[in-house]
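Take 1 as the starting number for the sequence shown in full-length UniProt numbering and just add one per residue.
Beta carbons: idealized from backbone N, C-alpha and C, even for Gly.
This report concerns only the one structure given below.
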Amino acid sequence: MRPHRIEPLIEAEALAARVRDLAAQISADYRGRDLLIVGVLKGAFVFCADLLRNLQDVHAQVDFIACSSYGVATETSGVVRILKDLNAPVTDREVLLVEDIVDTGLTLQYLQSHLRQQNPRSLRTAVLLDKPYRRQVPVQVDYRGFEIPDLFVVGYGIDWAEHYRHLPYIGAVRFLDQAQDRRSSA
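In structure tokens form, the structure reads like this:
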């Protein structure tokens, strides 16, 4: 890893408050209904768990999907592949896809298409972090946590080479050698 420091970008208290707000919106939209929540591993697992714990009057089932789009270092390869597919059936179910971060939109577009091919009754997406100005393809985001600048971020489940997932906040990686990388989670 290059020499770096982590600067807090979104504090734990702000994350918790925003997750409660998103959960309230989702609860209102799905009150009394069955909902399949699909968390995208590994980065969205903390967000997904906190969102689930804050839902009210929603009959939720949870499953996880894992995919990869990374080439070298912190840049996306642009090619998405499924590493672990769902165990739960999607056909004729209301589905909420929960993702950690969207920037280019390539991964999210792939996952939305993958799930739509299984004929859900409905498909919505909740994203913790959004970089809309980095979009290469259009994607629908129904529930958005935070819009952030073009920074390489870690924490709250989001990693850099499997490090920093444990941080209770979102931090920006600042490289000490001045050449700035950014995370492109497609």
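Next on the checklist: For P149, count the other beta carbons within 10 Å of its own beta carbon; 16 or more makes it buried, fewer makes it exposed. Which is it?
Outcome noted: Locating residue 149 in the sequence shown gives position 149, counting from the first residue. Exposed, since its Cβ has fewer than 16 Cβ neighbours within 10 Å.
Next on the checklist: Can you tell me which residues form a DSSP beta bridge with T125?
Outcome noted: Along the sequence shown, one-based indexing puts residue 125 at 125. DSSP, once it has assigned bridges, lists L97 as partnering T125.
Checklist entry - If you draw a straight line from the alpha carbon of R31 to that of L52, how long is it in whole angstroms? => result Along the sequence shown, read from residue 1 onward, the residue named residue 31 stands at position 31. Along the sequence shown, read from residue 1 onward, the residue named residue 52 stands at position 52. Cα-Cα distance, rounded: 13 Å.
Next on the checklist: Restricting to Cα atoms, I'd like to know which of G105, A28, A126, A12 is closest to residue 198.
Outcome noted: Nothing can be reported for residue 198, as the shown portion of the chain is limited to 1 through 186.
Item to check | Minimum C-alpha distance to D142 - residue among G157, R134, V102, V46 | outcome: As a working note, residue 142 is residue 142 in the sequence shown. Nearest C-alpha to D142: V102.
Next on the checklist: Suppose contacts are defined by Cβ-Cβ distances below 8 Å. Is A44 in contact with E7 by that definition?
Outcome noted: In the sequence shown, the residue the question calls residue 44 occupies position 44. In the sequence shown, the residue the question calls residue 7 occupies position 7. No. Outside cutoff.
Item to check | Residue nearest to residue 227 in terms of C-alpha spacing, selected from G39, R20, H4 | outcome: The chain is shown from 1 up to 186; residue 227 falls before or after that span and cannot be answered.
Checklist entry - Using a Cβ-Cβ cut-off of 8 Å (strictly less than) and excluding sequence neighbours within five positions of Q61, which residues of its own chain qualify? => result Start at 1 with the first residue of the sequence shown, and residue 61 comes out as number 61. These residues qualify, in order along the chain: D34, L35, L36, I37, A88.
Next on the checklist: So L106 and S69 are supposed to be a Cβ contact under 8 Å. How far apart are they, rounded?
Outcome noted: Along the sequence shown, one-based indexing puts residue 106 at 106. Along the sequence shown, one-based indexing puts residue 69 at 69. With 8 Å as the limit, L106 and S69 qualify as a contact, their Cβ atoms being about 6 Å apart.
Next on the checklist: Can you tell me whether V137 is helix, strand or coil according to DSSP?
Outcome noted: Mapped onto the sequence shown, residue 137 falls at position 137. Here V137 sits in coil by DSSP.
Checklist entry - What did DSSP end up calling R2 once you bin it into helix, strand or coil? => result In the sequence shown, residue 2 corresponds to position 2, counting from 1. R2 sits in coil when the DSSP states are folded into three classes, being neither helix nor strand.
Next on the checklist: By DSSP's criteria, S68 is part of a beta bridge. Which residues make up the other side?
Outcome noted: Sequence index remark: in the sequence shown, residue 68 carries index 68 (1-based). Note: S68 sits in a beta bridge opposite R81.
Next on the checklist: If contacts are defined as beta-carbon pairs under 8 Å, then F146 and R2 qualify, I think. What distance do you get, rounded to the angstrom?
Outcome noted: As a first step, residue 146 is located in the sequence shown; it is residue number 146 there, counting from the start. As a first step, residue 2 is located in the sequence shown; it is residue number 2 there, counting from the start. That belief does not hold up - the Cβ atoms of F146 and R2 are roughly 26 Å apart, past 8 Å.
Item to check | Start-to-end residues for the alpha helix (DSSP H) that takes in V58 | outcome: In the sequence shown, the residue the question calls residue 58 occupies position 58. Where V58 is concerned, there is no enclosing alpha helix (DSSP H), given that its DSSP letter is neither H nor E.
Checklist entry - Hey, how far is the Cα of A23 from the Cα of R5? => result Stepping through the sequence shown from its first residue, residue 23 is reached at position 23. Stepping through the sequence shown from its first residue, residue 5 is reached at position 5. C-alpha separation (whole angstroms): 32 Å.
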